[in-house]
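Just remember that the working numbering sits 185 ahead of the position in the sequence shown, which is counted from 1.
Ideal Cβ positions, reconstructed from N, Cα and C, are used throughout, including at glycine.
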Amino acid sequence: MRPNKERVLMTGGSGRLGTELRRLLPDLIAPPRRELDITRPETIEAALERYRPTVVLHAAAYTDVAGAERDRETCWQTNVRGTAALVSAVNRTEAGLIHISTDYV
Numbered sequence: 186m187r188p189n190k191e192r193v194l195m196t197g198g199s200g201r202l203g204t205e206l207r208r209l210l211p212d213l214i215a216p217p218r219r220e221l222d223i224t225r226p227e228t229i230e231a232a233l234e235r236y237r238p239t240v241v242l243h244a245a246a247y248t249d250v251a252g253a254e255r256d257r258e259t260c261w262q263t264n265v266r267g268t269a270a271l272v273s274a275v276n277r278t279e280a281g282l283i284h285i286s287t288d289y290v
């Protein structure tokens, strides 16, 4: 019997880190932001339902350091509330979660 293949759903697929990971790991499922935006919990739920991942690789983040100083609310909304919403949604599934980032977060 052949083992089941992992289905890895990645957030932040168009970012700096996500772009490189997609190049290295072409089987990653990396929906565009309009489909999976961690600041919109309904898109998280929809993506988890649609793709049924075995692992979620969380690479989405607000990484503009200077921008974060000027617009703290947007940074907080993405890096804290968005991540919390993702964790909460993933915890209601059987998927594992890996959180990865660059040094800009």
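Subject >> Burial state of G281 (16 or more Cβ within 10 Å) >> reply: exposed
Original post:
Taking the C-alpha atoms as reference points, what is the distance between I229 and L221?
Top reply: 6 Å
Original post:
Over what stretch of residues does the alpha helix (DSSP H) that includes I229 continue unbroken?
Top reply: 226-236
Original post:
Where do the ends of the alpha helix (DSSP H) carrying L271 lie?
Top reply: 268-276
Subject >> At least three beta-carbon pairs within less than 8 Å, the segment 197-214 to the segment 251-261 >> reply: no
**OP:** Quick one: residues in its chain with C-beta nearer than 7 Å to the C-beta of S199, no 5 flanking neighbours on either side, listed in chain order?
**Re:** P217, R218
Original post:
For G281, does the three-state DSSP call read helix, strand or coil?
Top reply: strand
Original post:
What residues are listed by DSSP as bridge partners for V193?
Top reply: V240
Original post:
Does the Cβ-Cβ distance between G360 and I214 come in under 9 Å?
Top reply: Beyond the ends of the chain as shown, which are 186 and 290, falls residue 360; an answer cannot be given.
Original post:
Where does V193 land, buried or exposed, given buried means 16+ other C-beta within 10 angstroms?
Top reply: buried
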